[in-house]
Amino acid sequence: ATYAQLRYLHRVRGPEAAVAQRQRWEAEYANDLARRPVGVNRPLFGYDNWVSYRGPTYYASALLFDELRLRLGDAPFQEAMRRLATRYAFREVTTAQLQALFDEVAAENNLSLAELWPRWIE
5 ATYAQLRYLH RVRGPEAAVA QRQRWEAEYA NDLARRPVGV NRPLFGYDNW VSYRGPTYYA
65 SALLFDELRL RLGDAPFQEA MRRLATRYAF REVTTAQLQA LFDEVAAENN LSLAELWPRW
125 IE
């Protein structure tokens with residue numbers, strides 16, 4: 005839902021509004037985003053409280069998806085999301101499966117996401 009908010013802003017209010025929202029999240033969660041890796045896939049019990057949980061879980065995850073879109077381009081990103089929804093409909097997706105799917109689409113477009121993953125995934 006958080007990533008959908010970013011895309012909604014982009015579509016309805018323009019790219020500047022989405023960039024401004026992204027910058028607000030980056031400022032508010034700067035400490036979480038400074039961690040290497042950020043740990044968007046950390047288990048729930050790995051957090052001390054709601055504030056430390058919501059940064060990596062909601063906002064950093066939205067930033068990761070936006071980063072994937074920016075690196076892949078809109079059409080390949082949409083293809084990856086379509087495959088994700090089709091392949092894992094009504095099932096849980098592991099971090100490794102998500103990475104593999106996006107790497108698959110990246111490779112088909114002569115791109116690599118290898119340098120992106122270490123920033124975000126534990």
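Heads up, the sequence shown is in the working numbering, so the first residue is 5 and it goes up one at a time.
Glycine included, each C-beta is placed from N, C-alpha and C at the ideal position.
No experiment lies behind these values; they were computed from the predicted model shown.
Judged by DSSP in its simplified three-state form, alanine 104 adopts helix. Alanine 22 and leucine 74 have their C-alpha atoms spaced approximately 13 Å apart. Beta-carbon to beta-carbon, leucine 67 and tryptophan 121 are separated by about 14 Å, too far to satisfy the 8 Å threshold.
In the structure shown, leucine 72 adopts helical secondary structure according to DSSP, grouped into three states. Distance from the CA atom of tryptophan 54 to the CA atom of leucine 37, rounded to whole angstroms, is 16 Å. Between the segment 44-61 and the segment 104-112, the count of Cβ pairs shorter than 8 Å is below three; the stretches do not touch.
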